[in-house]
Amino acid sequence: MNRIAKTFEANRPFIGFITGGDPSVAKTEEFILEMIAGGADVIEIGIPFSDPIAEGPVIQEANLRALGNGANVDKLFAMVASLRLKTQTPLLFMTYLNPVFRYGYERFFSRCQECGLDGIIIPDLPYEERQEVEEVASRYGIILISMVAPTSKDRIKQIVEQAQGFIYTVSSMGVTGVRSNLDGSIGELVESIKKETQVPVAVGFGISNPQQARAVAEFADGIIVGSALVKIVAAHGEKAGLLLRQYVQAMKEAMAAAASRQ
Amino acid sequence: MDQPIKKGRFGLHGGQYVPETLMNELLKLEQAYTQAMEDAEFRQELNSLLTKYAGRPSLLYHAKKMSADLGGPQIYLKREDLNHTGSHKINNVLGQVLLAKRMGKTRVIAETGAGQHGVATATAAALLDLACVIFMGKEDVERQLLNVYRMELLGATVIPVTTGTMTLKDAVNETMREWTRRVEDTLYVLGSVMGPHPFPTMVRDFQSVIGSETRAQILKETGSLPVAVLACVGGGSNAMGMFYPFIQDEGVRLIGCEAAGQGIETEKHAATIAKGSLGVFHGMKSYFCQDEYGQIAPVYSISAGLDYPGIGPEHAHLYDSGRGEYRPVTDEEAVQAFEYLARTEGIICAIESAHAVAQLMKMAKEFSAQDSVVICLSGRGDKDVAAIARYRGRNIYE
């Protein structure tokens, strides 16, 4: 059983996103270890991209800072390899397709495997284009995470048939970013996905505070938080480590307070 | 080669590389588009708008002075600059806005570079009673203030985009983001033969009126087909509209003219075919200006409408198959052509279109006086006059 599946079996994971290389690759590695120390169960590392069309302003700016500071895929592979010597926590890349395409699918996924990466999320690779990387990713044991959105409706069935690891459920319309109110229908969306599959369902987009974490943990198998963490890095730069750890701790406590899945 | 081999594919290129949030909407759009085109009433309504509102058919003008002066072929200009709103953009926009209405949408959004597509979209939205929001890079807003004011006069809201390089590509990013926020009541009226399927096919079909008219007009006037058709290429909508009806005519060379800015040997250009490489961006697989890590490169051209780091997927395929030729044209060459056409024929064309004029000026001697060649004059140049004056050192502002 792979690390992602094991994690979902053991508990309801907190999946924390961070933009790789913001403010530097060395700091990202330190921040990831702090998040893990705070209780993060899965780490999603954003490969910075010049034109992140699914991101709101917080992560857009982090992408530009990271690129401005010289981050690139090779440096992030080296960081993952170094992290893998220190932790068994599942590590995922979140990247637009073009950086993967340009690197070469074969070369990219073989590097993923060598470095000990577990999976990949590609927001501009919908079900229709999945075959682009599916075979090569699976040959190197890298799980390609499927995404479901509030607009997916009758597409849910075909999407989840291919799903592995977990299903990344987009909580609301639009791009990533902190939202003060989550869409009330997210519970129904998760329920409609669960009708079609045994694969765990995690929810992301807009979750930022412990109240939201607790509410979503009532019905989801995991929660994904990105912009709120990236905001801490934006505000505190190199000194963000401890604050990231404390933030994750608070979110984990809120999730633990949610009603048990049984 | 004229039909996508697989859904939305042109050879290797095309596809639907977008977030899941948009997928159902793209499928709905494809279905609505297919049904609309099979509906005689829709086609008639569109045709009526094109003839009675936009002023089609546009003229095919025999530029005799220019032909004689250059000593090459007989040069014909397809006068898309004479359309309502001053460019070819209206052809596509009337189609898409009509389609938006048919789909029950109440609002359209669009990106714009030079402002031509924004003005055209705002115009169609005003006519057909839809709310309209235009995203325009902050830098382009500053370059094209008059077009911004025009859009506002037409009732549209213009949002300056301050992310990234603040030009056309960033305007596309922001319009896509806005569409993922609001697909229910909104259609993204894409301005070029780019983006995810069905846009490249749909925009090409709406723009094909350019080539279809040209083909009939030149046959009527000369009794034979041209040896070449030329058009400027950013995303490539006027070029695709001109080329498409000629693809089966093997004797007709299809020549796309891309923006070489300060020269393809510098970093300041937008010459995607000359300098780009295969990639996946803005929903499509095609050629893009990018670095070794797949970061999209900042591009440059004097022409805001060609200042785009990619090219439509069907053009990429025409290039791969050898059916289309793509040539880089510098700012300086385009400005000279802009001035030449004004002096010689009394026509001030868009600086975008001047790239195609410049390319013919460079290659005129390859043709004989018995040959005819058509240049697509995609837009008029009023919007560019102040910028060209400044390029020539005259401090004129709009």
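Which chain is which? The protein sequence lines are A and B, in order.
In terms of this note's numbering, the first sequence opens at residue 417 and continues consecutively.
In terms of this note's numbering, the second sequence opens at residue 3 and continues consecutively.
A virtual CB, placed ideally from N, CA and C, is assigned to each residue, including glycine.
Treat the numbers as computed from the prediction; the structure is a model and nothing was measured.
- Between Ser194 (chain B) and Gly258 (chain B), the CB-CB gap reaches or exceeds 7 Å.
- Per DSSP, the unbroken beta strand (DSSP E) holding Leu62 (chain B) starts and ends at 62 to 64.
- Annotated three-state conformation of His90 (chain B) is coil, per DSSP.
- At a cut-off of 7 Å, the C-beta of Val282 (chain B) has a neighbouring C-beta in chain A.
- Assignment of alpha helix (DSSP H) within the region 220 to 296 of chain B, counting only whole runs of 4 or more residues, yields 239 to 245, 274 to 277 in chain order.
- In this structure, the beta-carbon distance from Met244 (chain B) to Cys378 (chain B) falls below 7 Å.
- Ala124 (chain B) is not a Cβ neighbour of Met105 (chain B), given a cutoff of 7 Å.
- For Pro59 (chain B), no alpha helix (DSSP H) segment is defined, and its DSSP state is neither H nor E.
- Interface with chain B (7 Å Cβ-Cβ cutoff): Arg546 (chain A) is excluded.
- For the region 101 to 115 of chain B, the beta-carbon criterion of a distance under 8 Å to any beta-carbon of chain A is satisfied by none of its residues.
- Around the beta carbon of Glu545 (chain A), 16 or more other beta carbons lie within 10 angstroms, which makes this residue buried.
- Sequence-distant Cβ neighbours of Val331 (chain B) in its own chain, meaning closer than 6 Å and more than five residues away, are Cys259, Ala262, His357, Ala360, Gln361.
- Taking the C-beta atoms as reference points, Ile640 (chain A) is found nearer than 7 Å to Ala618 (chain A).
- Residues of chain B whose Cβ lies closer than 7 Å to the Cβ of Ala650 (chain A) do not exist, since the nearest Cβ in that chain is about 15 Å away.
- Gly139 (chain B) and Val160 (chain B) do not touch by the CB rule: their CB atoms are close to 11 Å apart, not below 8 Å.
- At a cut-off of 7 Å, the C-beta of Tyr19 (chain B) has a neighbouring C-beta in chain A.
- Take the alpha-carbon of Glu425 (chain A) and the one of Ile583 (chain A): they are about 14 Å apart.
- In chain order, Thr23, Arg179, Glu180, Thr182, Arg183, Arg184 make up the part of chain B whose C-beta sits under 9 Å from the C-beta of Gly590 (chain A).
- Ile398 (chain B) sits exposed, since fewer than 16 C-beta atoms from the chains shown fall within 10 Å of its C-beta.
- About 14 Å separates the beta carbon of Ala470 (chain A) from that of Thr567 (chain A), a gap too long to meet the 8 Å contact definition.
- Residues of chain B whose Cβ lies closer than 7 Å to the Cβ of Asn488 (chain A) are, in chain order, Tyr295.
- Between the region 194 to 205 of chain B and the region 17 to 25 of chain B, the count of Cβ pairs shorter than 8 Å is three or higher; the stretches touch.
- Contact with chain A is absent for Asn94 (chain B), since none of that chain's Cβ atoms lies less than 7 Å from the residue's Cβ.
- Nothing from the region 352 to 385 of chain B brings a Cβ to less than 9 Å from some Cβ of chain A.
- When beta bridges are read from the DSSP output, Val375 (chain B) appears opposite B:Ile77, B:Ala230.
- Chain-ordered, the chain A residues with CB closer than 7 Å to the CB of Lys171 (chain B) read Asp467.
- When C-beta distances to chain A are compared with 8 Å, the residues of the region 25 to 40 of chain B below that value are Met25, Asn26, Glu27, in chain order.
- Within its own chain, the residues whose Cβ lies closer than 6 Å to the Cβ of Glu327 (chain B), once the five positions on either side in sequence are excluded, are Ile257, listed in chain order.
- By the criterion of a C-beta distance shorter than 6 Å, Leu343 (chain B) is surrounded in its chain by Ile349, Cys351, Val359, once the five residues flanking it on both sides are discounted.
- For the region 515 to 543 of chain A, residues whose beta-carbon sits nearer than 8 Å to a beta-carbon of chain B comprise Pro515, Val516, Phe517, Arg518, Tyr519, Pro539, Asp540, Leu541, Pro542, Tyr543.
- The beta carbons of Leu513 (chain A) and Val282 (chain B) sit closer together than 7 Å.
- Contact between Phe621 (chain A) and Ser587 (chain A) is confirmed by a C-beta separation of about 4 Å, below the 8 Å threshold.
- In this structure Ser279 (chain B) is exposed. Its beta-carbon is surrounded by fewer than 16 other beta-carbon atoms within 10 angstroms.
- From the listed residues B:Ser288, B:Ala306, B:Leu61, the smallest Cα separation to Ile298 (chain B) is found for B:Ser288.
- Rounded to whole angstroms, the separation of the alpha carbons of Gly472 (chain A) and Gly253 (chain B) is 49 Å.
- Chain B places no beta carbon closer than 7 Å to that of Gln578 (chain A), leaving this residue out of the contacts.
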